[in-house]
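Reviewing the structure listed below.
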Amino acid sequence: MKYTLDTIPVLDAYREDCECPLCRLRIRCEDQYVDSMLGAAYMEPDCRVKTNETGFCTRHFSLMYERRNRLGLALMTHTHMLEVIKSMEKLLAGDGGASRGGLLSSLRGGASSGGTPQAIRTRIGGCVICEQVDASIRRYAYTIAQLAFTNAEFRGMLEKSKGFCLPHLALVLEMSEQTLSAKQAAEFKKLVGELSLANLRRVAGELEWFTLKFDYRNQDKPWGNSRDAVERGINKLMGACVGEEAQMPPHND
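This note's numbering numbers the first residue of the sequence shown as 14 and each following residue consecutively.
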């Protein structure tokens, strides 16, 4: 196999016993980008221009807050806030017609249909780290679709995996349709579709047994794989967001 910066993380994720390799990769990407943002990157002019304009979502502000580089976070938040204040001065000084018309376009490059309230939501709706993570996961989804037809070792790993969560199933199918031949895309859809359905049914069965364990008649029966079925069921439907699968790697900083 020809190893690249994208194939190595994909192979590592597939060697782990997880419900969705792309969820595992997403968590790792978030961790890396949060660390990078609070490292030397926040002092680089290009990075500061981007963070000043775009800012961060609630999740990634929270993750950065949990790390110990409060000075770096304070510097980024301060200069971003100054940019937001400039936008808000223009927005709140305009009349109703201006806020519904071209003002939002000048602030964020788009059109508004909700006036000043929607303009405010749009102004604070960006996230530098989300953009980076999304771009990386799209590359990994592309890599998965390509490796499925270029490497027998990976094909075997894919066929033995637990499929994907539904958001990432949609993403890999989208990438396969965009980058594979029609014949390969159909074969890929059949493979990952059947794989994902089988594992959805498996988790659904484990969820059912979790509920049945609360019947006194089943108290002494083994749990099997159902102890964490609630977490895995939610993560299978929505992507890793609860439980151990959604946890960031431990940090000593």
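Backbone N, C-alpha and C fix where the C-beta goes; we use that ideal spot for every residue, glycine too.
Remember, it's a predicted structure, so these values are computed and weren't measured experimentally.
Of the choices the options, whose alpha-carbon is the least far from that of residue i?
i, options, result
"I142", "A87, C254, E32, E43", "E43"
"E219", "V243, E207, E57", "V243"
"L204", "I247, A158, T129, N238", "A158"
"E257", "C31, S100, A198", "C31"
"C60", "Q145, T129, R134", "Q145"
"Y153", "I137, G139, E187", "E187"
"L250", "D233, V216, M261, L88", "V216"
"C178", "A253, G139, T92", "A253"
"R214", "K196, S194, G246, K202", "G246"
"A54", "R28, H73, T20, L86", "L86"
"N212", "N248, F201, A195, M94", "N248"
"F74", "F227, A195, Y46, G169", "Y46"
"G139", "V97, M77, D241", "V97"
"L95", "T129, R136, L76", "R136"
Looking only at its chain, what residues have a beta carbon closer than 8 Å to the beta carbon of residue i, apart from the 5 residues adjacent to it on each side?
i, result
"I150", "L35, L38, R39, C42, H181, L184"
"Y78", "L86"
To which residues of the same chain is residue i closer than 6 Å at the C-beta, ignoring the five residues directly before and after it?
i, result
"L225", "N231"
"A259", "A253"
"C33", "F177, C178, H181"
"T92", "N65"
"N82", "L51"
Kindly indicate which three-state DSSP category residue i falls into: helix, strand or coil?
i, result
"K175", "coil"
"C140", "coil"
"V306", "Lying before the first or after the last residue shown, residue 306 is absent from the chain, which here runs from 14 to 266."
"R28", "coil"
"R240", "coil"
"Q260", "coil"
"G127", "coil"
"D147", "helix"
"P34", "helix"
"K234", "coil"
"D44", "helix"
Got a sec? Which residues, its chain only, sit under 7 Å from residue i by beta carbon, not counting five neighbours each side?
i, result
"Q197", "F162"
**Study point:** Inside the stretch 48 to 104 only - alpha helix (DSSP H) runs reaching at least 4 residues
**Key:** As far as the stretch 48 to 104 is concerned, its whole alpha helix (DSSP H) runs of at least 4 residues are 58 to 67, 71 to 79.
**Study point:** Inter-stretch contact (C-beta, 8 Å, three-pair minimum) for the stretch 147 to 164 and the stretch 68 to 81
**Key:** no
Check your understanding: Would you call the stretch 167 to 182 and the stretch 191 to 211 in contact, with 3 or more CB pairs under 8 Å?
Key -> yes
Review point. Can at least three beta-carbon pairs, one atom from the stretch 236 to 251 and one from the stretch 188 to 199, be found at a separation below 8 Å?
Key: No: the two stretches stay apart, fewer than three of their Cβ pairs being nearer than 8 Å.
Point to revise | Contained alpha helix (DSSP H) runs [length at least 4] in the stretch 162 to 231, N- to C-terminal order | key: Secondary structure in the stretch 162 to 231: the alpha helix (DSSP H) runs of 4 residues or longer, each lying completely within the stretch, are 165 to 172, 179 to 192, 195 to 225 in chain order.
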